[in-house]
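Written out below as structure tokens is the structure these notes cover.
Protein chains: 2
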Amino acid sequence: MSECTHANHNELVIKTRDGMPDIDTMFELADFFKVFSDSTRIRIMSALFQGELSVCCIAEILNMEQSTISHQLRVLRRENLVKVRKDGKQSYYSLADDHIRQIFEMGLEHIGE
Amino acid sequence: MSECTHANHNELVIKTRDGMPDIDTMFELADFFKVFSDSTRIRIMSALFQGELSVCCIAEILNMEQSTISHQLRVLRRENLVKVRKDGKQSYYSLADDHIRQIFEMGLEHIGE
DNA sequence: ACAACATATGAATAGTTGTTCATATGTTCA
DNA sequence: TGAACATATGAACAACTATTCATATGTTGT
Numbered sequence: 001m002s003e004c005t006h007a008n009h010n011e012l013v014i015k016t017r018d019g020m021p022d023i024d025t026m027f028e029l030a031d032f033f034k035v036f037s038d039s040t041r042i043r044i045m046s047a048l049f050q051g052e053l054s055v056c057c058i059a060e061i062l063n064m065e066q067s068t069i070s071h072q073l074r075v076l077r078r079e080n081l082v083k084v085r086k087d088g089k090q091s092y093y094s095l096a097d098d099h100i101r102q103i104f105e106m107g108l109e110h111i112g113e
Numbered sequence: 114m115s116e117c118t119h120a121n122h123n124e125l126v127i128k129t130r131d132g133m134p135d136i137d138t139m140f141e142l143a144d145f146f147k148v149f150s151d152s153t154r155i156r157i158m159s160a161l162f163q164g165e166l167s168v169c170c171i172a173e174i175l176n177m178e179q180s181t182i183s184h185q186l187r188v189l190r191r192e193n194l195v196k197v198r199k200d201g202k203q204s205y206y207s208l209a210d211d212h213i214r215q216i217f218e219m220g221l222e223h224i225g226e
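This is the structure we're talking about:
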């Protein structure tokens with residue numbers, strides 16, 4: 001760990017540290033955004049914006065293996081971003097959080113779409 | 114790729130695909146959020162919310178190696194989330210995008226802080 | 001009870017990513 | 001010009017993650 005020598009350094013370090021969120025909060029935040037960092041999950045959420053879907057529908061919409069989708073839905077479930085409704089053989093997934101749309105919008109704005 | 118057999122399947126697949134964003138856009142979106150998915154980068158951005166900082170200040174605030182910070186700042190620069198101002202020996206970094214605050218807020222709301 | 005189907009899950013693998021170390025580049029000041 | 005400092009960067013390594021395959025669990029209709 002290097003030591004800085006320029007003026008006001010220590011003071012600034014302390015003051016900035018003090019204004020930052022709790023360290024655990026920042027780790028949680030990173031974990032939360034990690035869910036959005038994979039294109040398969042983004043595509044699943046994009047599909048679910050249009051309403052609930054069964055696992056095999058999602059698989060076919062994305063043209064991917066059913067087990068891939070199941071694994072990724074588990075990740076989304078773990079972070080409370082989707083909910084499941086079981087009906088017979090099928091599991092219907094839908095979005096569980098209103099923030100998702102807003103977060104998507106802001107991302108799209110940034111990348112300029 | 115499994116084939117679903119339940120009613121309305123093909124129609125739903127087509128319709129849903131049609132309502133989804135462009136596939137390239139979804140990949141870009143994932144890449145954008147990937148930047149927020151690491152705790153070191155989250156901590157750097159949290160520090161920068163309070164104003165511009167030199168690399169070595171950030172390193173000391175986070176108590177991490179200077180080179181780690183430099184590498185991560187490069188990632189943030191690549192995605193246009195920070196900008197640099199060079200002054201003598203030092204590089205001062207600051208946030209480059211107003212969306213960052215909003216995205217943070219929404220993440221914090223979701224995790225319930 | 002059995003066959004067909006839908007979903008979930010464990011293990012293995014390949015690809016990606018964050019950190020560290022060593023070092024290069026560039027700046028300031030004596 | 002040389003020493004001290006600030007930052008950037010390449011290579012190596014360890015840790016993590018997404019996907020696939022195989023298979024288990026659970027449901028429906030015959």
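Order-wise, the sequence lines are chains U and C.
Just so you know, the first sequence maps onto residues 1 to 113 in my numbering.
Just so you know, the second sequence maps onto residues 114 to 226 in my numbering.
Quick reminder that beta carbons are idealized off the backbone N, C-alpha and C, glycines included.
- Out of U:G107, U:I69 and U:G112, the CA that lies nearest to the CA of F33 of chain U is found in U:G107.
- In the assembly as shown, S167 of chain C is a buried residue. Its beta-carbon has 16 or more other beta-carbons within 10 Å.
- The Cβ atoms of I216 of chain C and I103 of chain U sit closer than 8 Å to each other.
- Under the Cβ criterion of 8 Å, K196 of chain C is not counted among the residues facing chain U.
- One thing to note: L208 of chain C has its Cβ within 8 Å of the Cβ of V195 of chain C.
- If you ignore the 5 residues before and after E192 of chain C, its C-beta comes within less than 8 Å of the C-beta of D144, F145 and V148, all in its own chain and listed in chain order.
- Of all residues in the region 23-49 of chain U, only T25, M26, F27, E28, L29, A30, F32, F33, K34, F36, S37, D38, S39, I42, R43, S46 and A47 place a beta-carbon less than 7 Å from a beta-carbon of chain C.
- Taking CB atoms only, D87 of chain U has no neighbour in chain C less than 8 Å away.
- By the Cβ neighbour-count rule, I14 of chain U is exposed, with fewer than 16 other Cβ atoms within 10 Å of its own.
- Selection C:Y206, C:T153 and C:S180 evaluated against E165 of chain C yields C:Y206 as nearest (Cα-Cα).
- The beta carbon of H122 of chain C sits closer than 8 Å to some beta carbon of chain U.
- Between M45 of chain U and D87 of chain U, the alpha-carbon positions lie close to 21 Å from each other.
- Using a CB distance cut-off of 8 Å, H99 of chain U counts as an interface residue toward chain C.
- Ranked by Cα distance from N10 of chain U, the first of C:Q203, C:I155 and C:E173 is C:E173.
- Within the DSSP bridge table, the entry for D87 of chain U names U:Q90 as partners.
- The alpha carbon of D18 of chain U has as its nearest neighbour, out of C:S180, C:R190, C:E222 and C:L161, the alpha carbon of C:L161.
- Taken through DSSP and simplified to helix, strand or coil, L48 of chain U comes out as helix.
- Look at the region 171-185 of chain C: the residues with a C-beta under 8 Å from a C-beta of chain U are A172, E173, I174, N176, M177, E178 and Q179.
- Residues of chain C with a Cβ closer than 7 Å to the Cβ of R17 of chain U are, in chain order, I174.
- Taking E65 of chain U as the centre and dropping the five residues before and after it, the same chain places the C-beta of A59 closer than 7 Å to its C-beta, in chain order.
- Residue nearest to D98 of chain U within the set C:R156, C:F140, C:E222 and C:T129 is C:E222 (criterion: CA-CA distance).
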